[in-house]
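*Asks:* I have a structure I would like to understand better, so I am pasting it below and will then ask my questions one at a time.
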Amino acid sequence: MAKIRLISLNVRGLNHPAKRRIAMADLRKQKCDFAFLQETHFRLDSAPTLRSTYFTQGFYSNFEASKSRGVAILVASHIPFTCTSQMTDPQGRFIFIKGHIGARLVTLANIYLPNTHQCTAFRKILNKLAKFAEGPLFCGGDFNISPDSPKEAAASPGASQPSKRRRFHQLLQTFQLVDCWRAMHPAGRDYTFYSHAARVYSRLDLFLMSHHTLHLIRTVSIGSITWSDHAPVLMDLEVPDLPPRQYQWRLNESLLKDVVHREYLTEAITRYFDENDNGEVTDPLLWEAHKSVLWGQLIQLGARCKRDRGDKIQSLLADIQTFETLHKTTPSAEHYSALSSLRSELRELLHHHARRSLLLTKRSYYLHGNKCGKLLARALRQKYQSTYIPKLRRSDGSVTHLNDEIIAEFHTYYHSLYNLRDSPPPAKLMADYLAKALDVTISPDQAEALDVPFTSGELAEALKATPTGKSPGPDGFSIGYYRTFLKSLGPYLLRSFNAIDEGTSFPAEALRATISLIPKPGKDPLSCSNYRPISLINNDI
């Protein structure tokens, strides 16, 4: 069982590149798995894409006539979701998606209701949704009607409309839908939108689910209003039969570009070998164990840098939340003025980061756009590949969606394909085979030269010849790490290599590999034989 996070947010237009960058960064920071976005304001004939390396799947419903309305559902790359069918609205009011999350068939719906005649439009949409939906339904959106009595920040002629809310609740009851936030907070009060004209707080943004699937909910919360005029609604679910996401640590090479960081890590490396190089363990084990120590140092360093970078933003968010709570409970002009000032400061800071990021991207394309290099190679290959295999055909012909069974099926297939044995063949058998297969033998002098220990010059030459930018193995250390700290690491890496003989071998951890399965284009993705295995070994082997 794994947890997934759904976020519903009215983004109030995403046509500006900087705002798109802010939105995508914010959703990623909040660890969103499914994003339900309303008011994207994309035209049908000129809609930009919201896909990225994090959100590799996007489904859109755009208005044909103008840059208004529009809804979208984004799916994170690590979620094993396969879409089987979808329904969009030419008016840009809703989108329905049906597909599998792992082995479970679900329906996702994103709805943006008009400002008037909400219940009439909602009934028409629900009638279509009832015919389309299969499996558990997760419906998010901006419904432009509050299911609760709105709390007014000051006296306002914009009176509440109990008849409209009553009709809305009747529709929910008719179609057996439940307001998820209210189900988790029966006596709570919170809001997702503040009307400046009417000076009224309302909870317009909702998640709706069928009552028989409410047991999947773990938490539902409402965030703060920051860069949009609506607050996000966050819902965490636990989905059975979905394996938990597995994280593999990789070195963030940007840490190595800072002089202070390099000095800190050099001291950590020197201290480790000074304290542990006492002859009690073999050189290969001493080398392999240093990675665990440096993992901790690098993770700690990365977390500190991330915290330092986000201190200003986190401080502003905390202040916004404080003043927002004050304004909701005891509205005053002073509280609202302070809240508006904090939001403006946060938006300016976010826009500054987004503009800087866009400038760096443009600079990179300007410098390397017309050259044969990594930038062109990445543009030519398939842009976003799935990072999961949602289902596989087993040897008996049945199809499985379970992660453990998929792994076991690949293990059986490759074990049979490569004729792997449980124990290695005898040394005499291998020697006899090589004696028959090889016609040329080397002289004793050549054999002696090959047995000479590796030198520091050979190690430096090998590191220099190894291309950068390659994915590391299971240990997560890149070539850049070994190049940067060659002076400190080189002697111990040489000792580790030169210690390998008939009595000493590499530790089992050093010989592990990460196997990536690349689907063959145009082939049936359900068959094990239609994947090309790529083994990523550690860079120091």
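Residue numbers (the numbering used here): 23 to 563.
Backbone N, C-alpha and C fix where the C-beta goes; we use that ideal spot for every residue, glycine too.
Bear in mind the structure is a predicted one, so any value in this text is a computation, not a measurement.
By alpha-carbon positions, which one of 506, 423 and 310 ends up nearest to residue 277?
*Replies:* 506
*Asks:* Assuming residue 108 is part of the beta strand (DSSP E), what are its boundary residues?
*Replies:* 103-110
*Asks:* By the three-class DSSP mapping on this structure, what secondary structure does residue 435 have?
*Replies:* helix
*Asks:* Going by C-alpha distance, which of 558, 518 and 455 is nearest residue 499?
*Replies:* 558
*Asks:* To which residues of the same chain is residue 233 closer than 7 Å at the C-beta, ignoring the five residues directly before and after it?
*Replies:* 198 and 200
*Asks:* What does DSSP give as the partner residues of residue 32 in its beta bridges?
*Replies:* Answer is 60, bridged to residue 32.
*Asks:* Would you check if the distance between the CB atom of residue 129 and the CB atom of residue 120 is smaller than 8 Å?
*Replies:* Between residue 129 and residue 120, the CB-CB gap stays under 8 Å.
*Asks:* Using only alpha-carbon positions, find the residue among 514, 228, 347 and 487 that is nearest to residue 579.
*Replies:* The structure shown does not extend to residue 579, since the chain spans only 23 to 563, so no value can be given for it.
*Asks:* For residue 289, tell me which candidate among 270, 316 and 223 has the shortest Cα-Cα distance.
*Replies:* Nearest option by C-alpha distance: 316.
*Asks:* Indicate the three-state DSSP secondary structure (helix, strand or coil) for residue 454 in the structure shown.
*Replies:* helix
*Asks:* Compute the distance between the beta-carbons of residue 165 and residue 135, then report whether it is under 8 Å.
*Replies:* yes
*Asks:* Express the C-alpha separation of residue 549 and residue 243 in angstroms, rounding to a whole number.
*Replies:* 42 Å
*Asks:* Check each candidate in 324, 483, 481 and 99 and name the one with the smallest Cα separation from residue 280.
*Replies:* 324
*Asks:* Below 8 Å CB to CB, which residues in the same chain sit around residue 539 once its five sequence neighbours on both sides are set aside?
*Replies:* 411, 432, 553, 554, 555 and 556
*Asks:* Please classify residue 270: is it buried, with 16 or more other beta-carbons within 10 angstroms of its beta-carbon, or exposed?
*Replies:* exposed
*Asks:* Between residue 225 and residue 169, which are expected to be in contact by the criterion C-beta below 8 Å, what is the C-beta distance as a whole number of angstroms?
*Replies:* 7 Å
*Asks:* What is the DSSP secondary structure of residue 412, reduced to helix, strand or coil?
*Replies:* coil
*Asks:* Within a Cβ cutoff of 7 Å, which residues of the same chain sit near residue 141, ignoring the five residues on either side of it in sequence?
*Replies:* Excluding sequence neighbours, residue 141 sits near 186, 189, 190 and 193.
*Asks:* Which whole-angstrom value is the C-beta distance of residue 30 and residue 255, which I expect to be below 8 Å?
*Replies:* About 5 Å separates the two Cβ atoms, so the contact holds.
*Asks:* At the level of alpha carbons, what is the spacing between residue 36 and residue 543?
*Replies:* 34 Å
*Asks:* For the putative contact between residue 115 and residue 88, defined by C-beta atoms under 8 Å, what is the C-beta separation to the nearest angstrom?
*Replies:* About 14 Å; that fails the 8 Å criterion.
*Asks:* Helix, strand or coil for residue 466 per DSSP?
*Replies:* Here residue 466 sits in helix by DSSP.
*Asks:* Indicate the three-state DSSP secondary structure (helix, strand or coil) for residue 269 in the structure shown.
*Replies:* Residue state, collapsed to three classes: coil.
*Asks:* With a threshold of 6 Å on Cβ separation, who are the neighbours of residue 240 within its own chain once the five nearest residues in sequence on each side are excluded?
*Replies:* 258 and 260
*Asks:* Could you give the residue range of the beta strand (DSSP E) that holds residue 201?
*Replies:* Here the beta strand (DSSP E) through residue 201 covers 199-201.
*Asks:* Take residue 423 as the anchor and find which of 93, 262, 144 and 359 has the nearest alpha-carbon.
*Replies:* 262
*Asks:* Which residues in the same chain as residue 177 place their Cβ atom closer than 7 Å to its Cβ, once the five residues preceding and following it in sequence are excluded?
*Replies:* With a pLDDT of 37 at residue 177, under the threshold of 50, the modelled position of that residue is not reliable, and the figure given next carries that caveat. For residue 177, where only same-chain residues beyond five positions count, there are no Cβ hits under 7 Å.
*Asks:* In this structure, how does DSSP classify residue 206 when only helix, strand and coil are distinguished?
*Replies:* Helix.
*Asks:* Starting from residue 83, trace the beta strand (DSSP E) in both directions and tell me its first and last residue.
*Replies:* 77-83
*Asks:* Output the boundary residues of the alpha helix (DSSP H) element that contains residue 20.
*Replies:* Past the boundaries of the shown model lies residue 20; the chain is included only from 23 to 563, so the question cannot be answered.
*Asks:* Counting only the same chain and skipping the five closest in sequence on each side, list residues whose C-beta sits under 7 Å from that of residue 214.
*Replies:* 225, 226, 227, 244, 252, 253 and 255
*Asks:* List the DSSP bridge partners of residue 541.
*Replies:* Per DSSP, 553.
*Asks:* Tell me, please, which residues DSSP counts as bridged to residue 118.
*Replies:* 109 and 131
*Asks:* Since residue 98 sits in a beta bridge, which residues does DSSP pair it with?
*Replies:* BP columns for residue 98 point to 77.
*Asks:* Do you know whose CA, among 69, 25, 96 and 91, lies nearest residue 45's CA?
*Replies:* 96
*Asks:* Kindly identify the DSSP beta-bridge partner or partners of residue 153.
*Replies:* The partner list for residue 153 (beta bridge, DSSP) is empty, contrary to what the question assumes.
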